[in-house]
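Please read the structure below before turning to the comments.
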DNA sequence: AGTCTATATTGACATCGTCAATATAAGAGG
DNA sequence: CCTCTTATATTGACGATGTCAATATAGACT
């Protein structure tokens, strides 16, 4: 997943003459896009920048993604697949079943911390094209992981029960999502700097996740 | 606040000849920007579009805001001031002190629902210039309202107490912020459509806010 | 009056997304 | 092997955008 060494066969070589056809330009563009996202933020991620970083001409992305929204959507889909993977891994790693929710919540926030640009891209609908099947599928899969995690207690389908279950699930989702968003946007930095001693994000996150226990 | 009639003195008049100097171009640009934000979303809000909508030349905003980030930041500052006002009004309207937190939470989400574009602009740091004093002040004021609302229980300044208090405050903030963000981004639409009967956003929000009681 | 300064316009440039036209390579079918 | 077709990539162009420099205008101040 983090490999990518086998994909770039002609970009940086000393041979100098790139073949007219890249061979795996789609993957190269996605990798370049993620690199740009991490380095320059989402505003630096443009079609032309991605093409440049991948060593292609400025209009090359059109063949593979059609559109800027297409490139961003495929990248977001990739992010959602990784996101699901990490959430599931965290759930599996939790020993006791009652620790699962907390473990998933921590994995949720940690993913946002590790990949802030990607996370923001995934959860900012404006620039994405939700009609893309790959994005739809990846999003649905991630949502399913979250729903399954929060809705562990089995309940009937009657309205009041359903509302209560949905409320618990959305509350848990909102809690971790809001924390991640506020943190990524630097909204908690001032608070943390005013805290005594060496209280960091982890302690605060533990407190936030553990408060409802 | 929603007036603005007295500011546009020469834009749409039948007289036709605009004076070289607008007289209140700064306010006109801000009003035009908010109109564009509501109509076309944040991607449609450009310097030139704002100038166009205000009936000025394409470089006019430079004199008042210097920069695109400047215009967006002033608009965000305006949003934060309105935000604080509504949160405080909600806190005042709450009869019992124990209802205050819930009232502020609902006001928080309602603000996001009423002004999604503005809310996203306010809480997306990428395009803002936080070195602007007006934005800083407006943000700090809003944060103070939230902090005061969540930290009603007075506690000492020792580390463990401070951590617990910060945890409660951040948890409450994260909960409403995450709910607002997910809702605005359409992430809860699928969930709501699958709910039986006529369960709407309000019921779900009540459930989310009441779950911790 | 005259001058100064804030305000607004015009024109230009680099960059961006997107399209049409063209070029190149790879594979299919003879 | 040789054509023909198709997928892939490049080039050039266009309008839109942010930003800057140069210029124009009008109100303020002396």
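Residue numbers (this note's numbering), protein chains in the order written: chain A, 779 to 991; chain B, 779 to 991. Using N, Cα and C, we set each Cβ at its ideal position, and we do this for glycine too. Keep in mind the model is a prediction, meaning the values are calculated, not measured.
C-beta atoms of residue i and residue j nearer than 7 Å
{"i": "residue 998 of chain B", "j": "residue 823 of chain B", "result": "Only positions 779 to 991 of chain B appear in the structure, and residue 998 of chain B is not among them; the question remains open."}
{"i": "residue 858 of chain B", "j": "residue 916 of chain B", "result": "yes"}
{"i": "residue 828 of chain B", "j": "residue 811 of chain B", "result": "yes"}
{"i": "residue 900 of chain B", "j": "residue 867 of chain B", "result": "no"}
{"i": "residue 941 of chain A", "j": "residue 977 of chain B", "result": "yes"}
{"i": "residue 862 of chain A", "j": "residue 950 of chain A", "result": "no"}
{"i": "residue 953 of chain B", "j": "residue 835 of chain A", "result": "no"}
{"i": "residue 923 of chain A", "j": "residue 865 of chain A", "result": "yes"}
Supposed contact pair residue j and residue i - C-beta distance, whole angstroms, cut 8 Å
{"i": "residue 880 of chain B", "j": "residue 987 of chain B", "result": "5 Å"}
{"i": "residue 889 of chain A", "j": "residue 948 of chain B", "result": "Contact doesn't hold; Cβ gap of about 19 Å is too wide."}
{"i": "residue 819 of chain A", "j": "residue 805 of chain B", "result": "So it is not a contact: roughly 31 Å between Cβ atoms."}
{"i": "residue 832 of chain A", "j": "residue 803 of chain A", "result": "7 Å"}
{"i": "residue 927 of chain B", "j": "residue 882 of chain B", "result": "5 Å"}
{"i": "residue 982 of chain B", "j": "residue 944 of chain A", "result": "6 Å"}
{"i": "residue 963 of chain A", "j": "residue 826 of chain B", "result": "So it is not a contact: roughly 27 Å between Cβ atoms."}
{"i": "residue 885 of chain A", "j": "residue 878 of chain A", "result": "Actually they are not in contact, since the Cβ atoms of residue 885 of chain A and residue 878 of chain A sit about 10 Å apart, beyond 8 Å."}
CB contact check: residue i to chain B, cutoff 7 Å
{"i": "residue 985 of chain A", "result": "yes"}
{"i": "residue 994 of chain A", "result": "Outside the displayed range of chain A (779 to 991) lies residue 994 of chain A, so it cannot be described from this structure."}
{"i": "residue 963 of chain A", "result": "yes"}
{"i": "residue 974 of chain A", "result": "yes"}
{"i": "residue 927 of chain A", "result": "no"}
{"i": "residue 971 of chain A", "result": "no"}
{"i": "residue 941 of chain A", "result": "yes"}
{"i": "residue 799 of chain A", "result": "no"}
{"i": "residue 1041 of chain A", "result": "Residue 1041 of chain A is absent from the model: chain A starts at 779 and stops at 991."}
{"i": "residue 945 of chain A", "result": "yes"}
{"i": "residue 822 of chain A", "result": "no"}
Beta carbon proximity, residue i to chain A, threshold 7 Å
{"i": "residue 959 of chain B", "result": "yes"}
{"i": "residue 949 of chain B", "result": "yes"}
{"i": "residue 796 of chain B", "result": "no"}
{"i": "residue 883 of chain B", "result": "no"}
{"i": "residue 895 of chain B", "result": "no"}
{"i": "residue 956 of chain B", "result": "yes"}
{"i": "residue 903 of chain B", "result": "yes"}
Where the alpha helix (DSSP H) containing residue i begins and where it ends
{"i": "residue 841 of chain B", "result": "839-843"}
{"i": "residue 917 of chain A", "result": "911-928"}
{"i": "residue 980 of chain B", "result": "979-988"}
{"i": "residue 800 of chain A", "result": "Element bounds for residue 800 of chain A: n/a, residue is neither H nor E."}
{"i": "residue 825 of chain B", "result": "825-832"}
{"i": "residue 835 of chain B", "result": "Premise fails: residue 835 of chain B is in no alpha helix (DSSP H) and is neither H nor E."}
Contact between the segment 910-922 of chain B and the segment 888-896 of chain B is defined here as three or more beta-carbon pairs at a separation below 8 Å; is this criterion met? no
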